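Protein sequences appear in the order of chains A and B.
13 is the number of the first residue of the first sequence in the working numbering; add one for each residue after it.
21 is the number of the first residue of the second sequence in the working numbering; add one for each residue after it.
Even for Gly, the Cβ is constructed at its ideal location relative to N, Cα and C.
Predicted model, so just to flag it, every value in this text is computed and none were measured.
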Amino acid sequence: MTLIKNMVGRKIVMSITGLALVSFVCIHLLGNISLFSGPDGINAYAKMLHSLGPFLWVVRLIMAAALGLHMVFGILLTLENRTSRAQKYAVNKHLSATVAGKNMIWTGLLIALYLGYHLLHFTGQMIMPEFSSSRNLDALGRPDVFSMVVHSFQHTVVSVVYVTAMAAVGLHLSHGLQSMVQTLGLNNERTLPVMVKVGAAAALVLFLGYAAIPAGIVSRLVGR
Amino acid sequence: MDLTLFVWRQRGQLDKGRLEQYAARNISPDMSFLEMLDTVNEGLIAEGREAIAFDHDCREGICGMCSQVINGIPHGPQEKTTVCQLHMRHFKDGDTIYIEPWRAKAFPVIRDLIVDRSSLDRIIQSGGYASVHTGGVPDANAVLVPKQDVDIAMDAAECIGCGACVAACPNGAAMLFTAAKVTHLAMLPQGRVEAARRVCVMTETMLREGFGSCSNHYECQAVCPKGIKVSFIAKLNREYLKSFMGNPGCSTGE
Ligand code: HEM
Ligand code: SF4
Ligand code: FES
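This is the structure in structure tokens:
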């Protein structure tokens, strides 16, 4: 309990839940790029995931808990921090704060909104049910995830929504990754500027990796 | 040179406060920023108007009293320079200068540019000390300290408690100040003894005093007149984790 009563403790909760979320984001991307090797890639991957059974649910619950804590503390910290500096300067020059850093709450909330949509779309399959993979099986009798994704992303609007959401993730992480390292106390004077650069670069790689899927499909380079 | 000033005037905590315009005439580039304000004040007093209230003491960059946000930057545009050490040669004839007090919930305005920074004192009072039994003067080098550790402790000890870090922080956080104190004492054997309790109590006091928490924007480091580094904040975070692991009930319950 002291962890959440202390401001440093709260930030440590943010960074550990953030770490859990980024780990998921990385693994999820590694799984998703199997789409580039065609239906056999991603359909086999999806089948493997579902064969994990209870283990899959354990991971889902951990992720939900991490996301919940991260959101609660993110909102709480943001509100608290605003009251700590309620009065604004008439002239205010920021020397090092970035656009990404100053807008963590907005990129975060955008991600939360997107997550709702994404889970209803590809996990619950209630949005665009006509492409649902559980209703359409591939030649080997597996849920056809490949066609579901390709048909969905061929709608430009859907692709734009996904790429925008991934831009939010990229921005969030371009500040979040280095912030996480610093909050966990893993920096010294030498590593700090390096972490700032590495964090931003990693965020860019994640963004490009994720955005490549809808971009490839909507431009008809993938999925023909 | 001649300048146009917009200065924050506020009669007290209950007053809303506002920016007022003043002309600063015949300012020599060799004057310090505070001497420029002295000149303006002399003019105001001669006209029977109320002088601009601002904090100052040593005027040589070591006491941390002078506290003004100049054109949006605490201590003004010159790196690693306090307001009292900032010279008018860094400005141009005809410039417009905005002067505001430190702004943070934990630093209520007393008058004009003067804020109450006793919240920083209360952070120190809560744990920023080492309880030592004073007796005879100990022999020199009786307690050996590695050179690297001394250097880090001395760098951290440079903090003059001016509060510019709080004023610059978008969250009004006092992390750089507190991190400097925590690091300074944690690096030395005399301070090590109480390190776990200290970091816990001081961070709890920060919250109680109304300071925000750190979002790692590093604005504090950019304005600190003494070059205190945000790597000390990482050190504070490490000390906190260590303290928490050793005693998860680290709360003082005060
Ligand atoms: C894919 C999902 C997400 C990932 C991977 C992620 C990751 C991170 C990371 C690594 C940090 C840095 C933690 C630190 O400073 O120590 C962070 C900070 C933050 N996150 Fe997230 N986050 C995600 C979703 C969200 C959501 C949905 C919200 C919505 C409320 C949110 C709000 C915040 C805020 C406000 C901060 C800054 C806290 C501060 O420094 O004061 N995040 N995030
Ligand atoms: S850390 Fe720097 S800016 Fe903050 S109080 Fe100490 S000297 Fe002033
Ligand atoms: S008046 Fe002492 S530091 Fe400026």
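Measure the CB-CB distance between D198 (chain B) and I172 (chain B) and report whether it falls below 8 Å.
The sequence given here has Thr at residue 198 (chain B), not Asp. Not closer than 8 Å, so no.
If we cut at 8 Å on Cβ distances, does M178 (chain A) have a partner in chain B?
Closer than 8 Å: no.
Could you give the uninterrupted runs of the alpha helix (DSSP H) lying entirely in the stretch 145-231 of chain B, keeping only those of 4 residues or more?
The stretch 145-231 of chain B contains these whole alpha helix (DSSP H) runs: 167-177, 184-188, 195-206, 209-212, 215-228.
Within 10 Å of its beta-carbon, does G273 (chain B) have 16 or more other beta-carbons around it, so buried, or fewer, so exposed?
Note that G273 (chain B) scores 44 on pLDDT, short of 50, meaning its location in the model is unreliable and no value can be drawn from it.
Just mark G113 (chain A) as buried or exposed, buried being the case when its beta carbon has 16 or more other beta carbons within 10 Å.
With 16 or more other Cβ atoms within 10 Å, it is buried.
Consult DSSP for V181 (chain A) and reduce its assignment to one of helix, strand or coil.
Note: V181 (chain A) maps to helix in three-state DSSP.
Could you tell me whether any non-hydrogen atom of the ligand SF4 is closer than 7 Å to the CB of G192 (chain B)?
No, since every heavy atom of the ligand SF4 falls outside the 7 Å radius drawn around the Cβ of G192 (chain B).
I'd like to know whether the C-beta atoms of W28 (chain B) and D136 (chain B) end up nearer to each other than 8 Å.
Contact: no.
Any C-beta of chain E within less than 9 Å: which residues of the stretch 28-49 of chain A qualify?
Among the protein chains of the structure shown, namely A and B, there is no chain E.
Three Cβ pairs or more, each shorter than 8 Å: is that satisfied between the stretch 92-106 of chain B and the stretch 173-192 of chain B?
Segments in contact, yes.
Using three-state DSSP, classify H133 (chain A) as helix, strand or coil.
Helix, per DSSP.
Using 10 angstroms around the beta-carbon of M226 (chain B), count the other beta-carbons present and answer buried if the total reaches 16, otherwise exposed.
M226 (chain B) comes out buried.
If contacts are defined as beta-carbon pairs under 8 Å, then I248 (chain B) and A200 (chain B) qualify, I think. What distance do you get, rounded to the angstrom?
At roughly 5 Å, the Cβ-Cβ gap stays under 8 Å, so I248 (chain B) and A200 (chain B) are in contact.
Do A102 (chain A) and Y118 (chain B) count as a contact pair if the criterion is CB distance below 8 Å?
Yes, these two residues count as a Cβ contact at 8 Å.
Specify, as a first and last residue, the run of the alpha helix (DSSP H) that W69 (chain A) falls within.
Its alpha helix (DSSP H) spans residues 66-96.
Residues of the stretch 74-96 of chain A with a CB closer than 7 Å to any CB of chain B: list them in chain order, please.
Those would be L89, E92, N93, T95, S96, in chain order.
Among A:M26, A:G128, A:L196, which has the Cα closest to the Cα of A254 (chain B)?
Measuring from the Cα of A254 (chain B), the nearest candidate turns out to be A:L196.
Using alpha carbons as the reference points, say which of B:P190, B:Q210, B:M108 lies closest to P158 (chain B).
If we check each option's Cα against that of P158 (chain B), B:Q210 comes out closest.
For I24 (chain A), which residues in chain B fall below 9 Å Cβ to Cβ?
Chain B residues near I24 (chain A): N257, Y260, L261, F264.
Please list the residues of the stretch 117-131 of chain B that have a C-beta atom closer than 8 Å to any C-beta atom in chain A, keeping them in chain order.
Listed in sequence order: Y118, E120, R123, A124, K125, A126.
Over the uninterrupted beta strand (DSSP E) stretch that includes E40 (chain B), give me the two end residues.
Looking at the DSSP string, the run of the beta strand (DSSP E) that includes E40 (chain B) is 38-44.
Taking a cut of 8 Å between CB atoms, which residues from the stretch 228-249 of chain B lie near chain A?
Hits within the stretch, in order: G230, F231, G232, S233, C234, S235, N236, H237, Y238, E239, Q241, A242, V243, K249.
Going along the chain, which residues of its own chain have a beta-carbon closer than 6 Å to the beta-carbon of A180 (chain A), five neighbours each way excluded?
Cβ neighbours of A180 (chain A) beyond the five flanking positions: T119, L122, I123.
What is the DSSP secondary structure of G273 (chain B), counted as helix, strand or coil?
Low per-residue confidence applies at G273 (chain B): pLDDT is 44, beneath 50, and the placement is therefore not dependable, though the value from the model is reported in the following sentence. Of the three classes helix, strand and coil, the one that applies to G273 (chain B) here is coil, per DSSP.
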